[in-house]
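K.L.:
In order, the protein sequences belong to chains A and B.
Its first residue numbered 0, the first sequence is counted upward by one per residue in numbering that gives the first Met the number 0.
Its first residue numbered 0, the second sequence is counted upward by one per residue in numbering that gives the first Met the number 0.
Shown below is the structure under consideration.
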Amino acid sequence: MSVQESLPLEAHARPQLRVHRADHLLVADMVESGTKVLDVGCGEGDLMQLLESRGVDCRGIELSREGVNRCVARGLAVVQGDADTDLDHYVDDAFDYVILSQTLQATRQPKEVLENLLRIGRRAIVSFPNFGYINMRLQLLIHGQMPRTENLPATWYDTPNIHFCTIKDFVGLCDEIGVKMERAVALDRYGRPLRLNAPWWFWNMFGEQGVFLLSRAQQKTPPQAADYIAP
Amino acid sequence: MNIHSVKGQKIAAGERTQEVDHPHSLIALFGADQPLPLDCGIALSPFQIAYQTYGTLNADKSNAILVCHALTMDQHIANEHPITGKPGGWLTLVGPGKPIDTDRYFVICSNVIGGCMGSTGPASTNPATGKPWGLDFPVITIPDMVRAQAMLIDRLGIDKLFCVVGGSMGGMQVLQWSVAFPERVFSALAIACATRHSAQNIAFHELGRQAVMADPEWQHGRYFENGCFPHRGLAVARMAAHITYLSDAALHRKFGRKMQDRELPTFSFDADFQVESYLRYQGSSFVERFDANSYLYLTRAMDYFDIAADHDGVLAAAFRGTQTRFCVVSFTSDWLFPTSESRAIVHALNAGGARVSFAEIVTDKGHDAFLLDEPEFIDIARAFLQSAGAAHGLGKAER
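Encoded structure:
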């Protein structure tokens, strides 16, 4: 289910002592140690391993058999399953956090999945590619073709990503289902966070992906990007 | 080959009855002071458990793995079989350097209660009469088997098992262990199994039992005293069961429509096709080593198995709060215990908050795949045991 294979590529390629994807590090920083986490679409378990090294009790669901088997072979508690169908079997409040990393756009029912995340977990962390990213917009505007990027290289006819959205769209969905956005970050193509005090349109234009920390409470007032900056 | 004219059958039958009371295995005797309370309400006493061990128990007794054998297997998982002379029954998984590494772990496998390889069962001598129990033997269940194993583990002075491993009926025992004695099971590897026997599986078992009981030599279970044995019935039961252990694809790959030692059909009911000959061989070799009544009792035990039924119909309730680390494995072409059954286990474990891994292995070898060399399965078993071992404080150099 790790739809966007290695994101961002640059971060991967950069010579580092311990290579963790920038978005993984960002997500991991949102999780307190000693908590219980479910990683939905855990791929080959890179994020899970990072979290477990930080004292987090981590479980995973992964669609692809290869991914599951590799996770189990790494000693991770991962089950083969589908975010669209298998989340229903988890009881309420089973986890402190439920993570959906680069997978929302590949689900059949993103709204139901999102609701399920916040039923199972007290908080949810969702990251997804931003279809409003300038590079995407220009490809459609100038070339008149479905956008393809380094991180989303699939053609329109073989992409598993069936529900693309922009950061603005996602914020709209959160409002519609009464989800509170505790923290929001937009990352550039290198996985670096964009300016924190930028307006939403800027994030929506220049963020290649959005990472959101969500909780259940109702949000009434229209959101501003700066409202969600963590202290 | 005719199913009731097997060469050497008389000798084999002698060895078979020998193994029942005086097996080539270690024996734990439980006297009148230690009866086995059975689900049917009877306390079985005295009784004995025949078991094999491999490897060495470490000083703090933390490296013990209990292997639970499947319906028609026995405790000889990693040594030559005393009747058939064949190598161990689960050498793909158990042995030096194997996932269940006998250089690292102390491996125990006991013949189930109701079996016929040395643990008390219907072929054993009933101390009250001096004759084989036959149908006087009480009906046993999977929980009864596990209760007996727990008494053996007590006898061996082991408090907590590092892992309980089993496939098929053995997998049922693994699940039962984790439900009945959660504090005694650090990790559990349940392969190709279910928390209850499906209607289709009960139906297949009933077919097998009826085949045995329809054989005039069954004599209402008193065949030993009457100097006969229901070879034909038991062989037919085995043939039917054996088909369920394979898959359409595996049978086709192995045999297709190939003829047996002939070019053309004989227009008779000889074994023209290789698959017929193969099945007849499976049937006849099985009766050399297995007791017919034991087959009735053990299939019955599987039929009765239903963990949820013991927990007000809520499977998740059985696993609530468990600290055991689980690994559940299924095989794509297994139609006896299909992946959906394993998924139900996983959903219940998830709902119960358990730490569980679940992998489905792609293979066309059917239910039998758990006994075969399936590299992906072997890798997963190895990794699961290694990571559980690390969490259990079993270092690499553990001996």
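The C-beta atom is built at its ideal place from N, Cα and C for all residues, glycine as well.
1) Taking only the alpha-carbon atoms, compute the straight-line gap between B:Gly-96 and B:Leu-25 and give it to the nearest angstrom.
2) Counting only Cβ pairs nearer than 7 Å, list the residues of chain A close to B:Ile-379.
3) Within 8 Å of any Cβ in chain A, is that where the Cβ of B:Glu-375 sits?
4) In chain order, what residues of the same chain lie with their CB nearer than 8 Å to the CB of B:Lys-6, ignoring the 5 residues before and after it?
5) Mapping the DSSP letters down to three states, classify A:Gln-3 as helix, strand or coil.
6) Does DSSP classify A:Leu-116 as helix, strand or coil?
7) Counting only the same chain and skipping the five closest in sequence on each side, list residues whose C-beta sits under 8 Å from that of A:Gln-144.
8) Would the beta-carbon of B:Phe-336 fall within 8 Å of that of A:Val-78?
9) For chain B, is any of its Cβ atoms less than 8 Å away from the one on A:Val-55?
10) Using only alpha-carbon positions, find the residue among B:Gly-87, B:Asp-135, B:Gly-40, B:Thr-362 that is nearest to B:Leu-245.
11) For a cutoff of 8 Å on Cβ pairs, would you count B:Ala-396 as touching chain A?
12) Does DSSP classify A:Arg-20 as helix, strand or coil?
13) Taking the continuous alpha helix (DSSP H) assigned at A:Gly-171, which residues delimit it?
14) Can you tell me which of the three DSSP states B:Asn-125 falls into?
15) Would you mind sorting B:Ala-300 into buried or exposed? The rule is 16 or more other CB atoms within 10 Å of its CB.
16) Measure from the C-beta of B:Arg-354 to each C-beta in chain A and report whether the shortest distance is under 8 Å.
17) What residues of chain A sit near B:His-346, judged by a beta carbon separation below 7 Å?
18) Going by DSSP, what residues sit across from B:Met-258 in a beta bridge?
19) Check whether the segment 78–93 of chain B and the segment 254–273 of chain B are in contact - that is, three or more C-beta pairs closer than 8 Å.
20) For the pair the segment 112–120 of chain B and the segment 133–146 of chain B, tell me if three or more CB-CB distances fall below 8 Å.
21) May I ask which residues mark the beginning and end of the beta strand (DSSP E) holding A:Cys-57?
22) Can you tell me whether A:Leu-6 is buried or exposed, with buried defined as 16 or more other CB within 10 angstroms of its CB?
23) Rounded to whole angstroms, what's the CA-CA distance from B:Pro-86 to B:His-75? Just pull it up for me.
24) I want to verify the contact list: residues of chain B whose CB lies under 8 Å from the CB of A:Ala-76, in sequence order.
25) Of all Cβ atoms in chain A, is any one closer than 8 Å to the Cβ of B:Asn-349?
26) At least one CB of chain A closer than 8 Å to the CB of B:Val-361: is that the case?
27) Can the beta-carbon of B:Leu-348 be found less than 8 Å from the beta-carbon of B:Phe-318?
28) With distances taken Cα to Cα, identify the nearest neighbour of B:Pro-34 among B:Met-212, B:Ile-48, B:His-23, B:Asn-57.
29) How about A:Ala-123: is its C-beta nearer than 8 Å to some C-beta of chain C?
30) Could you round the C-beta distance between B:Gly-282 and B:Val-235 to whole angstroms and report it? I think they count as a contact, below 8 Å.
31) Could you round the C-beta distance between A:Val-125 and A:Leu-213 to whole angstroms and report it? I think they count as a contact, below 8 Å.
32) Mapping the DSSP letters down to three states, classify B:Leu-155 as helix, strand or coil.
33) In chain order, what residues of the same chain have a beta carbon less than 7 Å from the beta carbon of B:Glu-14, not counting five sequence neighbours either side?
34) I want to see whether chain B comes within less than 8 Å of A:Gln-48, judged by CB atoms only; does it?
35) How many angstroms separate the CA atom of A:Glu-149 from the CA atom of A:Ile-60?
36) On the DSSP letters alone, give me the boundaries of the beta strand (DSSP E) that B:Arg-324 sits inside.
P.N.:
On the basis of the coordinates in this document:
1) A direct Cα-Cα distance of roughly 24 Å separates B:Gly-96 from B:Leu-25.
2) Around B:Ile-379, the beta-carbon contacts reaching into chain A at under 7 Å are Asn-68, Val-71, Ala-72.
3) Judged by the 8 Å Cβ criterion, B:Glu-375 is in contact with chain A.
4) In this prediction, B:Lys-6 has a pLDDT of 38, which is less than 50 and means its spatial position is unreliable; what the coordinates show is noted afterwards. If we look at B:Lys-6 and ignore the five residues flanking it on each side, it has no Cβ neighbours.
5) Residue placement at A:Gln-3 cannot be trusted, given a pLDDT of 42 that sits under 50; what the coordinates show is reported in the next sentence. When secondary structure is reduced to three states using DSSP, A:Gln-3 falls in the coil class, being assigned neither helix nor strand.
6) Correct three-state label for A:Leu-116: helix.
7) Cβ within range, chain order: Gln-138.
8) No, these two residues do not count as a Cβ contact at 8 Å.
9) By this cut-off, A:Val-55 is not an interface position.
10) Here the closest residue by C-alpha is B:Thr-362.
11) Bear in mind that a pLDDT of 44 at B:Ala-396, under 50, signals an unreliable position, so the number given afterwards is only what the model happens to contain. Not closer than 8 Å to any Cβ of chain A, the Cβ of B:Ala-396 fails to qualify, so no.
12) For A:Arg-20, the three-state secondary structure derived from DSSP is coil.
13) Where A:Gly-171 is concerned, the enclosing alpha helix (DSSP H) stretches over 166–175.
14) Under the three-state reduction of DSSP output, B:Asn-125 falls in the strand class.
15) Classification for B:Ala-300: buried.
16) For B:Arg-354, the nearest beta carbon of chain A is closer than 8 Å to its own beta carbon.
17) Correct list: His-88.
18) DSSP, once it has assigned bridges, lists B:Phe-272 as partnering B:Met-258.
19) Contact fails: fewer than three Cβ-Cβ distances are below 8 Å.
20) Touching, yes.
21) Looking at the DSSP string, the run of the beta strand (DSSP E) that includes A:Cys-57 is 56–61.
22) With a pLDDT of only 38 at A:Leu-6, under the threshold of 50, the placement of this residue in the model should not be trusted, and no figure is reported.
23) If I take the Cα positions, the gap works out to 9 Å.
24) Chain B residues near A:Ala-76: Arg-324, Arg-354, Val-355, Ser-356.
25) Answer yes: the Cβ-Cβ gap between B:Asn-349 and chain A drops below 8 Å somewhere.
26) Residue contact with chain A for B:Val-361: present (Cβ-Cβ distance below 8 Å to some residue of chain A).
27) Yes.
28) Ranking the options by Cα distance to B:Pro-34, first place goes to B:Ile-48.
29) Judged by its chain identifiers, the structure shown contains no chain C, and its protein chains are A and B.
30) With a beta-carbon spacing of about 6 Å, B:Gly-282 and B:Val-235 fall inside the 8 Å limit used to define contacts.
31) About 6 Å; that satisfies the 8 Å criterion.
32) Three-state result, B:Leu-155: coil.
33) Counting only residues of its own chain and dropping the five nearest sequence neighbours on each side, B:Glu-14 has a CB closer than 7 Å to the CB of Ile-82.
34) No, because no Cβ of chain B sits closer than 8 Å to the Cβ of A:Gln-48.
35) The straight-line gap from Cα to Cα measures roughly 26 Å.
36) Per DSSP, B:Arg-324 belongs to the beta strand (DSSP E) from 324–330.
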